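All residue numbers for the sequence shown refer to the numbering used here, where the first residue is 38 and numbers rise by one.
In what follows, a single structure is set out as structure tokens and then discussed.
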Amino acid sequence: MKSRTHPRKVAGKRVAVLGAGSWGTTFAKILADGGADVVMWARRPEVAREIQEAKRNSDYLPGVNLPLGVRATSRLDLALAGAEQVYVSVPSQSLRDNLKMFAPHLNANAIVISLMKGVEKSSGMRMSEVIAEVLQIDESQIAVISGPNLALEIAKEQPTAAVVSSTSLETAQAVASVARNKYFHSFVNTDVIGTEFGGVLKNLIAVAIGIVDGAGYGENTKASIITRGLVEMTDFAVAFGAHPETLSGLAGLGDLIATSQSPLSRNNTAGRLLGQGYHLNDVVNQMQQTTEGLASVGPILELARAKGVEMPIVEQVRQVLAGTLDPKDIAPHLTTDDEPQGERTKDGQAEGGSAVRRAFKRAFDQLRHGGRGAGSDRP
Ligand SMILES: NC(=O)C1=CN([C@@H]2O[C@H](COP(=O)(O)OP(=O)(O)OC[C@H]3O[C@@H](n4cnc5c(N)ncnc54)[C@H](OP(=O)(O)O)[C@@H]3O)[C@@H](O)[C@H]2O)C=CC1
Ligand SMILES: O=C(CO)COP(=O)(O)O
């Protein structure tokens, strides 16, 4: 029987954050402000030195002062020595190679937490799957964190919530007890598939929103894409075993709203540039930070095809990226066979039968009965 006790704050737990970009650095601040003993690893010694000595990371978080307790090094052995929890925040496509470097220095019992929101292009694997495969650890030792978490807003201590997910509720609670402070609250769930795919899929819809924004369309178009996009996200994730309510929680709808409407989002910004007519190569060159959505489109569509899930919006994003669809022609209502009536879903039913509608119904039913599914965000 899994414990359901409320996690208690653990003071001074030794943790490592691997990756010193905007999210890794912000997460180090979250953890240190929650009382953890944090050591960051930056691959460039000058970044580690600036964090260690000036408590700043001017490349990624200009103007933000980091807590005095955050330490940094470019040596993996020092960053990982004694670390009980290891938070990983590097670009998804570099995870596998990075893990091979981390492995010799990792504590055998350490919990490894993915902060990333991509899938591996070559394999279509989620980040937690890559972690389990490369490090050869049990999934109960792995957690993922996702939610509406634009780094710069959190670095400025704006109140935010996220979801910590692990197949082991105990592991999720152990992580949530460390990854929380007065401005950052971690809920827990055990739906790793839904939580991870939520973060990946909302990036693709955020690119679509950016494209229509850049093409000059207004709020109706964007709202239509957000709503239909959530159906695509839910149908896809559920086909892979996710709980639909996870997609209507922080890691799905919550993150979709934050990412789709914020100029801070790199995915949204990349989409806007594409919508304004810039070529993909120019957009990629212009983006100075990780834009996961651009790399995820291909593998996500391949996975969708394998499960027979229709993703008309994501397919149109692929076509815009490939230069075969004019951004002005992107439309929220297209379906693969151009069905004219009703809101079509993957199984051809009208909206009343969609996974989103079922998710809401289930959530309301659960509320009425006071229960909570594995995919709901629990405090
Ligand atoms: N930023 C955000 O608001 C959020 C981001 N995320 C996710 O976090 C993950 C990381 O993103 P984020 O921190 O924003 O990205 P950034 O582009 O801000 O930083 C990337 C970091 O990874 C390092 N890096 C780049 N390439 C490699 C590589 N090949 N090997 C090792 N390290 C590398 C960079 O080092 P260097 O500086 O030396 O290039 C840098 O420290 C992504 O999956 C993203 O989706 C999740 C939630 C919020
Ligand atoms: O995941 C994020 C917010 O939750 C960050 O989004 P971007 O990667 O688009 O900046």
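Every residue, glycine too, gets a C-beta built ideally from N, C-alpha and C.
All figures in this text were calculated on a predicted structure; none of them were measured in a lab.
- The beta carbon of I350 sits closer than 7 Å to those of I242, A245, I262, R265, G266, E269, P369, all from its chain and outside the five residues before and after it, given in chain order.
- In this structure, Q326 has its CB closer than 6 Å to one or more heavy atoms of ligand 1.
- In this structure, the beta-carbon distance from A213 to V229 does not fall below 7 Å.
- Every beta strand (DSSP E) of 3 residues or more that sits fully in the region 54–106 is shown, in chain order, as 74–78.
- Between ligand 1 and the CB of N322, the shortest heavy atom gap is not smaller than 6 Å.
- Taking the CA atoms as reference points, R108 sits about 10 Å from L115.
- Counting only residues of its own chain and dropping the five nearest sequence neighbours on each side, T208 has a CB closer than 8 Å to the CB of I148, S177, Q178, I179, A180.
- Of the residues assessed, D175 falls on the exposed side of the cut-off, its CB having fewer than 16 other CB atoms within 10 angstroms.
- Listed as beta-bridge partners of F224 by DSSP are V200.
- In the structure shown, S151 falls within a strand segment according to DSSP collapsed to helix, strand and coil.
- Ordered along the chain, residues surrounding ligand 2 are N186, L187, D292, T296, S302, R303, N304 [Cβ under 5 Å from any heavy atom].
- With fewer than 16 other CB atoms across the displayed protein chains lying within 10 angstroms of its CB, D134 is exposed.
- The DSSP assignment places 329–344, 349–359 as complete runs of the alpha helix (DSSP H) inside the region 325–365, in order along the chain (cut-off: 4 residues).
- Short note on Y315: C-beta not closer than 6 Å to any heavy atom of ligand 1.
- A residue is called buried when at least 16 other Cβ atoms come within 10 angstroms of its Cβ; E282 meets this threshold and is buried.
- Close CB contacts of G58 within its chain, under the 6 Å cut and outside five residues either way in sequence, are with Y97 (chain order).
- Per the coordinates, the alpha-carbon of G100 lies some 36 Å from the alpha-carbon of E166.
- The alpha carbon of A260 has as its nearest neighbour, out of F221, Q298, S203, the alpha carbon of Q298.
- A direct Cα-to-Cα measurement between G155 and M164 gives close to 7 Å.
- The region 297–313 makes contact with the region 329–336: 3 or more CB pairs, one atom from each, lie closer than 8 Å.
- Here Q122 carries a strand assignment [DSSP, helix/strand/coil].
- Judged by DSSP secondary structure, R163 falls outside any beta strand (DSSP E); it is assigned neither H nor E.
- R217 carries a coil assignment under DSSP once its states are collapsed to helix, strand and coil.
- Short note on G58: C-beta closer than 6 Å to some heavy atom of ligand 1.
- When DSSP reads this structure, A180 sits in a beta bridge with I150.
- In the DSSP assignment, T110 forms a beta bridge with W78.
- Put simply, the backbone Cα of S285 is about 24 Å away from that of D250.
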